[in-house]
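Sequential numbering of the sequence shown, starting at 1, is according to full-length UniProt numbering. For each residue, glycine too, the CB sits at the ideal point set by N, CA and C. Predicted model, so just to flag it, every value in this text is computed and none were measured. A short worksheet on the structure shown next.
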Amino acid sequence: MMTNKTNEDCELLHDLDLNEDDLSNEAKRLFSFHKEIIESLNYCGRCILTNNLLSVEGKHIICSKLIRSHNNVTNILNYLATKPLQTKEKISDVPMIVICGLPRTGTTLLHNLMACDPSC
């Protein structure tokens, strides 16, 4: 999933390859959009890792958050795949939104604003 590099007794990420290995077969079948989410997170990771303006530590922190986001999506989709049929139908009818961005760019504000909308 990732390759590590040692720097002063701290392992720092310098490669990112998120995949669907942890996703159950049922979740893959029900939620075909999971591929788009993984592609988006991998694209963000590649952009971050090739950015020469970020320090190695900064790249590590941001990529660690991307990995956590990937794990959260995987856990949620696996959980929803085990729910009754009514839940699956309701979830698959609603388009999913993934918010990605660098720190301090307003992603949390956007998430909180969207969470205030009862239809979101």
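Exercise for the section: Count the other CB atoms, across all protein chains shown, that sit within 10 Å of the CB of residue 108; report buried if there are 16 or more and exposed otherwise. Expected result: Exposed, because fewer than 16 other Cβ atoms sit within 10 Å of the Cβ of residue 108.
Exercise for the section: Could you tell me which uninterrupted alpha helix (DSSP H) segments, each at least 4 residues in length, are contained entirely in the stretch 43-71, listed from first to last along the chain? Expected result: Runs of the alpha helix (DSSP H) inside the stretch 43-71: none found.
Exercise for the section: Return the CA-CA distance between residue 24 and residue 78, expressed in angstroms with no decimal places. Expected result: Spanning the two alpha carbons is a distance of roughly 6 Å.
Handout entry: Exposure label - residue 70; buried when at least 16 CB within 10 Å
Key = Buried, because 16 or more other Cβ atoms sit within 10 Å of the Cβ of residue 70.
Practice task
Return the CA-CA distance between residue 83 and residue 64, expressed in angstroms with no decimal places.
Solution key: Between residue 83 and residue 64, the C-alpha separation is close to 29 Å.
Problem - Distance between residue 111 and residue 96 (C-alpha atoms, nearest Å) - result: Spanning the two alpha carbons is a distance of roughly 13 Å.
Problem - Residues of its chain near residue 18, where Cβ-Cβ distance is below 6 Å and the 5 sequence neighbours each way are ignored - result: Excluding five sequence positions before and after residue 18, the CB atoms of its chain that fall closer than 6 Å to its own CB belong to 38, 41, 42, 70, given in chain order.
Exercise for the section: In the DSSP assignment, find the unbroken alpha helix (DSSP H) run with residue 96 in it and report its ends. Expected result: Here residue 96 belongs to no alpha helix (DSSP H), and DSSP marks it neither H nor E.
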